[in-house]
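Protein chains in written order, with my numbering: chain C, 55 to 178; chain E, 55 to 178.
2 protein chains.
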Amino acid sequence: MCPADKKIHNSQECSRNIMPVRDALEVLNGRWKLPILIALSFGKKRFKEISREIPGITDKMLSKELKMLEANELISRTVYDDFPPVVEYDITKHGETLWKVIEELRNWGISHRKKIMGKKVEMV
Amino acid sequence: MCPADKKIHNSQECSRNIMPVRDALEVLNGRWKLPILIALSFGKKRFKEISREIPGITDKMLSKELKMLEANELISRTVYDDFPPVVEYDITKHGETLWKVIEELRNWGISHRKKIMGKKVEMV
DNA sequence: CGGTATCCCCATTGATACTG
DNA sequence: CAGTATCAATGGGGATACCG
């Protein structure tokens, strides 16, 4: 393979690797979706319960993100005909396929905090 | 353990799991950082080379994201005293610790596209 | 080549209040 | 309780030009 071919090949390899990651990021983007999924990993929960377990999230964002997660079939939404209203959110089978991603992200977050953020006393 | 204790325990468990993921998301947030790291995983590259391999990124965003990645010690920046200027970016050891995260994200992106996006003919 | 400077738009997010 | 409505701020990102 001549150097020029190698360059092209390399570039194609690169795209093939980037595109699936872009797909994943598209679905999981933002600060809230993975935390929501983690909150639900401990069992089905109601709107307020999720809200309480994710510091900083507003009702608006939670509502919006839940809709996105449902549209991508990562969670399910069940409405019970009661008053006051009762709605339960749960992880789907497809949502559970994210555990490995979440675990790696969690491990990395821990080691990164040790390495980088641990130095900076002023950081949260 | 009484039910009340279990609730508290559950909630604390939840936080302990969410926080490291939040740390990780803080560092990796946005559409560009992981694609940049993937581009560099094939070897050190110059500004324009990275730019060419990541569809849609502008010089401004690339410049900004490279700075963030360098600040978090995920990449290194080397300036050669030439004219026209030559600057090379490379992954650091710490940056390489992200491979497992990227690999899981990539695998998940592929399977998610098959499951969800594959249905929708009109999607990119 | 490897960026920075400036201007500008608009989508996302946040804060607060409110409703069935 | 489970959200929605409304308004305001923030900043992501495009276009263009420029510099060492």
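C-beta atoms are modelled at their ideal positions from N, C-alpha and C, and glycine is treated no differently.
If you're wondering where the values come from, they're calculated on a predicted model, not measured in any experiment.
- For D136/E, three-class secondary structure by DSSP: Working through the second sequence from its first residue, we reach residue 136/E at position 82. Three-state result, D136/E: coil.
- Item | Buried versus exposed, by CB contacts within 10 Å (16 or more), R160/C | To locate residue 160/C, count along the first sequence from 1; it is residue 106. R160/C is buried by the Cβ-count criterion.
- Query: Which one or two residues does DSSP pair with V141/C in a beta bridge?
  - Reply: Indexing the first sequence from 1 puts residue 141/C at position 87. In DSSP, V141/C forms a bridge with V133/C.
- Message: What would DSSP say about K154/C, mapped onto helix, strand or coil?
- Response: In the first sequence, residue 154/C corresponds to position 100, counting from 1. Residue state, collapsed to three classes: helix.
- Query: Taking Cβ to Cβ, would you say A50/C is nearer than 7 Å to G163/E?
  - Reply: Outside the displayed span of chain C (55 to 178) sits residue 50/C, for which this structure offers no information.
- Task: Scan the region 89-105 of chain C for residues whose Cβ lies nearer than 7 Å to a Cβ of chain E and list them as they occur along the chain.
- Result: P89, I92, A93, F96
- Identified DSSP bridge partners for K147/E: As a first step, residue 147/E is located in the second sequence; it is residue number 93 there, counting from the start. Bridge partners of K147/E: none, in fact.
- Taking the DSSP output, what are the residues bridged to K99/C? For the purposes of this step, residue 99/C is taken as residue 45 along the first sequence, with counting starting at 1. Under DSSP, K99/C shares a beta bridge with Y143/C.
- Work out the CA separation of I170/E and E176/E for me, nearest whole Å. Stepping through the second sequence from its first residue, residue 176/E is reached at position 122. Stepping through the second sequence from its first residue, residue 170/E is reached at position 116. Confidence in E176/E is poor, its pLDDT being 47 and thus under 50, which makes the residue's placement too unreliable to answer from.
- Decide if G149/C is buried, meaning its Cβ has at least 16 other Cβ atoms within 10 Å, or exposed. To locate residue 149/C, count along the first sequence from 1; it is residue 95. Per the 10 Å Cβ criterion, buried.
- Message: Just to confirm my understanding: we take I108/E, look at its own chain, exclude 5 residues before and 5 after, and list those with CB closer than 8 Å. What are they?
- Response: Working through the second sequence from its first residue, we reach residue 108/E at position 54. Once the five neighbours on either side are set aside, the close Cβ partners of I108/E are W86, P89, I90, A93, L116.
- Determine the contact status of T146/C and S130/C, defining contact as a CB-CB distance below 7 Å. For this step, residue 146/C is matched to residue 92 along the first sequence. For this step, residue 130/C is matched to residue 76 along the first sequence. Result yes, Cβ atoms of T146/C and S130/C sit closer than 7 Å.
- Query: Should the region 67-81 of chain E be called in touch with the region 96-107 of chain C, which here means at least 3 C-beta pairs below 8 Å?
  - Reply: yes
- Item | Residue environment, P138/C, which counts as buried when at least 16 other CB atoms sit within 10 Å | Locating residue 138/C in the first sequence gives position 84, counting from the first residue. Counting Cβ neighbours within 10 Å, P138/C comes out exposed, since fewer than 16 surround it.
- Alpha-carbon spacing of Y134/E relative to V141/E, whole angstroms: Here residue 134/E refers to the residue found at position 80 when the second sequence is read from its first residue. Here residue 141/E refers to the residue found at position 87 when the second sequence is read from its first residue. Straight-line Cα distance between these residues: approximately 6 Å.
- Using a beta-carbon distance cut-off of less than 7 Å, what residues from the region 122-152 of chain C approach chain E? N126, E127, H148, T151, L152
- Task: On a CA-only basis, which of A125/E, E157/E, G172/E, Y143/E is nearest K102/E? Give me that one, please.
- Result: Residue 102/E sits at position 48 when you count from the first residue of the second sequence. Of the candidates A125/E, E157/E, G172/E, Y143/E, the one whose C-alpha sits nearest the C-alpha of K102/E is Y143/E.
- Under the three-state DSSP convention, the category N71/C falls into: Counting from one through the first sequence, the residue named residue 71/C turns up at place 17. Helix.
- Reference L128/C, options E80/C, L152/C, E157/C, closest by Cα: For the purposes of this step, residue 128/C is taken as the residue at position 74 of the first sequence. Of the candidates E80/C, L152/C, E157/C, the one whose C-alpha sits nearest the C-alpha of L128/C is L152/C.
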